[in-house]
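Visitor: In our numbering, the protein residues as written are 79 to 157. Questions regarding the structure given below will be posed in turn.
Structure below.
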């Protein structure tokens with residue numbers, strides 16, 4: 079897990095709010111390497127702000143077929 083400064087770090091609950099998903103879905107996004115786990119200087123686990131911004135951009139611009147392809151790929155990676 080990367081150690082990052084506070085201005086590059088976001089808690090997982092905040093990431094969930096920003097993305098409009100549940101905390102469990104944030105965990106899934108981390109497991110599928112869509113969000114990058116990070117630790118702030120205080121040692122708290124979270125994710126990088128850059129990865130949340132990239133996910134927001136992807137969600138805003140991805141076509142339905144791209145979203146379906148990603149879902150399929152992520153599901154296959156679990157097996």
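Glycine residues also receive a C-beta, built at the ideal position from the N, C-alpha and C atoms. Computed from a predicted model, the values in this text were never measured in an experiment.
1) In whole angstroms, what separates the C-alpha of residue 143 from that of residue 152?
2) At the level of alpha carbons, what is the spacing between residue 128 and residue 112?
3) Jot down the residue ranges of each uninterrupted alpha helix (DSSP H) in the stretch 100 to 129, minimum 4 residues, whole runs only, in chain order.
4) Whole angstroms are fine: how far does the CA of residue 122 sit from the CA of residue 98?
5) So residue 116 and residue 125 are in contact, right, with Cβ under 8 Å, and what is the actual spacing, rounded?
Guide: Taking the definition as stated:
1) 14 Å
2) 11 Å
3) 101 to 109
4) 22 Å
5) 6 Å
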